[in-house]
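S.K.:
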Amino acid sequence: MIPVFGALVGGLVGALLATPVARRVAIATDFLAYPSGRGVHERATPLLGGVAVVAGFLAGGLAGWALLGDPPGSRFLGFVVGALLVSTMGVVDDRVNLSWFPKLLGQVVAAVIFLASGGPGDAFFATPIWIVLSLIWIVGLTNAMNFLDNMDGVSPGITAVAALAFVFLGMSMGRPWIAIGAAALCGASIGFVRYNFSPASIFLGDGGSLFLGYALGCSGWIIAWGAETPAALLVPVLVLSYPVFDITLVSVTRYARGQSLTQGGRDHSSHRLCRILAGPRATALTIYGVCLLSCAVAVLLDALAFDPATVTLSAAVLFSYIGFGLFLCRRAPVPESASGEAPPATP
67 MIPVFGALVG GLVGALLATP VARRVAIATD FLAYPSGRGV HERATPLLGG
117 VAVVAGFLAG GLAGWALLGD PPGSRFLGFV VGALLVSTMG VVDDRVNLSW
167 FPKLLGQVVA AVIFLASGGP GDAFFATPIW IVLSLIWIVG LTNAMNFLDN
217 MDGVSPGITA VAALAFVFLG MSMGRPWIAI GAAALCGASI GFVRYNFSPA
267 SIFLGDGGSL FLGYALGCSG WIIAWGAETP AALLVPVLVL SYPVFDITLV
317 SVTRYARGQS LTQGGRDHSS HRLCRILAGP RATALTIYGV CLLSCAVAVL
367 LDALAFDPAT VTLSAAVLFS YIGFGLFLCR RAPVPESASG EAPPATP
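Per my numbering, the sequence shown starts with residue 67, numbered consecutively.
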C-alpha cells in the first residue's frame with residue numbers, strides 16, 4: 067500500500083513541478099497550438115504538456131519502485147520504452163505534422179515492444195488471433211485518447227479516473243507493479259489537470275495524448291491477460307468504455323457522412339456535449355461522472371467475482387452507450403461549418 071501511495075504522490079508532485087517548466091519552454095520555442103476548427107480554444111496555447119505528464123509518471127514510478135524495494139520487471143521496462151517512443155513521436159508530430167502512416171507504424175512498434183517484453187511463452191505468443199486483438203486494442207486506445215484530446219481537461223481527467231480503477235484492480239489481483247504504474251499515471255494526470263482544466267494554460271499535445279492512450283491500453287491489456295473467465299474481460303472494457311465509445315461514435319458518424327476518419331472536426335462526444343451543456347467545464351465534469359460510473363461497475367464486477375447480477379449490470383452499462391450516442395446525435399447534430407478542420411488562425 068505504501069509503494070502505491072508513494073507512486074501516486076510522486077506522479078502528482080512531478081507533474082505539478084514539471085508542467086510550469088514545460089509551459090515556459092513551449093512559449094520560448096513557439097511550441098504553441100493556434101486556434102483551429104478542431105479545438106475550442108481562442109488563443110495560442112503551449113503544447114508541451116505531454117512532456118510534463120511523462121516526467122510526472124516516471125517520477126511516480128521511480129518513487130513507487132524505490133519504496134517497494136524490488137526492481138521493475140521486463141514487462142514494465144518494455145512499457146516504458148514503448149511509451150517514450152509514442153510520446154516522442156507525438157512531440158515530433160506536434161512540430162512537423164506527420165502523416166498518418168508513420169504515426170500508426172510507430173504505435174504498432176511500441177505495442178509490439180510492450181507485448182513482446184514478457185518473453186517466449188508469454189500470453190502474447192499464445193495464438194495469432196490474440197496477437198492481432200492485442201495490437202488492435204492497444205493501438206485503438208492510443209488513438210482514442212488522442213481523438214478525445216479536443217477540450218480542456220477531458221483526456222487527463224479520463225486517464226486519472228481509469229488509472230485509479232486500475233490501481234484497485236492491480237491490488238486485488240495481487241500484482242503491486244500494476245498498481246504502482248497505474249498510481250503514477252493517476253497522480254501525473256491529476257497534477258496536469260491543475261493546469262489543463264478550462265481555461266487551460268497548457269495542452270497535452272499529441273506527445274501527451276498518445277502517451278496516455280498507450281498507457282491505458284497497456285494497462286487494460288494486463289488486466290485482460292490475467293482474466294480467468296470470459297466475463298472478466300468485461301473489466302478493462304468497462305474501465306475504458308468512454309474512449310471506446312467516443313472513437314466508435316466518431317467513426318460511425320463520419321462514415322455515414324462520407325468523411326475521412328483522419329480529418330479533424332467538432333463531431334466528438336465532447337463537442338456534442340459542450341453544445342448541450344454550453345461550456346467546457348460542465349462537459350469535462352459530465353464526462354468524468356460517466357467514467358466514474360463505468361469504472362465503479364468494473365471494480366464492483368471484479369470484487370463480486372463476476373456473479374450473474376453484476377455481469378448483467380455491466381452489460382447494461384455498456385449497452386447504454388448506444389442510447390447515449392443516439393441522444394447526442396439527435397440533440398447535438400454536427401453543424402456543416404464544424405464538420406471539417408479549419409485552417410490555423412494567424413498568430
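Glycine residues also receive a C-beta, built at the ideal position from the N, C-alpha and C atoms.
Note that this is a predicted model, so its numbers are computed, not measured.
Can you give me the start and stop residues for the alpha helix (DSSP H) that V400 sits inside?
M.R.: Locating residue 400 in the sequence shown gives position 334, counting from the first residue. It is not in any alpha helix (DSSP H) - V400 carries neither H nor E in the DSSP assignment.
S.K.: What span of residues does the alpha helix (DSSP H) with H334 cover, start to end?
M.R.: Your numbering for residue 334 matches position 268 in the sequence shown. That residue, H334, is in no alpha helix (DSSP H); it is neither H nor E in DSSP.
S.K.: Looking at the unbroken alpha helix (DSSP H) that takes in N212, where does it start and where does it end?
M.R.: As a first step, residue 212 must be located in the sequence shown, where it is residue number 146. Run containing N212: 194 to 214, per the alpha helix (DSSP H) assignment.
S.K.: Let me confirm a value: P112 is counted as buried when at least 16 other C-beta atoms fall within 10 Å, else exposed. Which label applies?
M.R.: Start at 1 with the first residue of the sequence shown, and residue 112 comes out as number 46. Buried.
S.K.: At the level of alpha carbons, what is the spacing between W203 and T193?
M.R.: Start at 1 with the first residue of the sequence shown, and residue 203 comes out as number 137. Start at 1 with the first residue of the sequence shown, and residue 193 comes out as number 127. Looking at the two C-alpha atoms, the distance is approximately 15 Å.
S.K.: Write down the C-beta distance between V305 and A231 rounded to the nearest angstrom, noting that I regard them as a contact closer than 8 Å.
M.R.: Here residue 305 is taken as the residue at index 239 of the sequence shown, counted from 1. Here residue 231 is taken as the residue at index 165 of the sequence shown, counted from 1. So it is a contact: roughly 5 Å between Cβ atoms.
S.K.: Find the nearest neighbour of A84 within the set V318, Y261, G330, A121, judged by alpha-carbon distance.
M.R.: On the sequence shown, residue 84 is found 18 positions in, with the first residue counted as 1. Selected option, being the one with the closest Cα: A121.
S.K.: Check for me: the alpha helix (DSSP H) holding S264 runs from which residue to which?
M.R.: The residue given as residue 264 occupies position 198 in the sequence shown. Unbroken run through S264: none, as it is neither H nor E.
S.K.: Based on DSSP bridge pairs, tell me the residues matched to T154.
M.R.: If you number the sequence shown from 1, residue 154 lands on position 88. According to DSSP, T154 bridges with nothing at all.
S.K.: For a test of the three-state rule: what should DSSP assign to A371, helix, strand or coil?
M.R.: Looking up residue 371 in the sequence shown gives position 305. Three-state DSSP puts A371 in coil, outside helix and strand.
S.K.: First and last residue of the alpha helix (DSSP H) that includes P275?
M.R.: Your numbering for residue 275 matches position 209 in the sequence shown. The residue asked about is misnamed: residue 275 is Ser in this sequence, not Pro. Start and end: 272 to 291.
S.K.: Is the beta carbon of L181 sitting closer than 8 Å to the one on G279?
M.R.: For this step, residue 181 is matched to residue 115 along the sequence shown. For this step, residue 279 is matched to residue 213 along the sequence shown. No, the Cβ-Cβ distance between L181 and G279 is not below 8 Å.
S.K.: Kindly list the residues whose CB is nearer than 7 Å to the CB of F372, restricted to its own chain and excluding five residues on each side of it in sequence; keep chain order.
M.R.: Here residue 372 refers to the residue found at position 306 when the sequence shown is read from its first residue. Only T295, A297, A298 meet the Cβ criterion.
S.K.: Is T378 buried or exposed, if buried means 16 or more other CB atoms sit within 10 Å of its CB?
M.R.: Reading the sequence shown from its first residue, position 312 is the one you call residue 378. Exposed, because fewer than 16 other Cβ atoms sit within 10 Å of the Cβ of T378.
S.K.: Here's the rule I'm using: 16 or more other beta-carbon atoms within 10 Å means buried, otherwise exposed. How should F123 be labelled?
M.R.: Counting from one through the sequence shown, the residue named residue 123 turns up at place 57. Buried.
S.K.: When you compare the segment 318 to 337 with the segment 241 to 259, are there three or more beta-carbon pairs, one atom per stretch, that lie closer than 8 Å?
M.R.: Verdict: no, contact absent.
S.K.: Give the secondary structure of L111 by DSSP, where H, G and I count as helix, E and B as strand, and everything else as coil.
M.R.: Counting from 1 along the sequence shown, the entry for residue 111 is found at position 45. Correcting the residue identity first, residue 111 is Thr in this sequence and not Leu. Here T111 sits in strand by DSSP.
S.K.: Could you give the DSSP three-state label for L98: helix, strand or coil?
M.R.: Here the question's residue 98 lines up with position 32 in the sequence shown. It is a strand residue.
S.K.: Leaving aside the five residues before and after A322 along the sequence, list all residues of the same chain whose C-beta is less than 8 Å from its C-beta, in chain order.
M.R.: To locate residue 322, count along the sequence shown from 1; it is residue 256. None.
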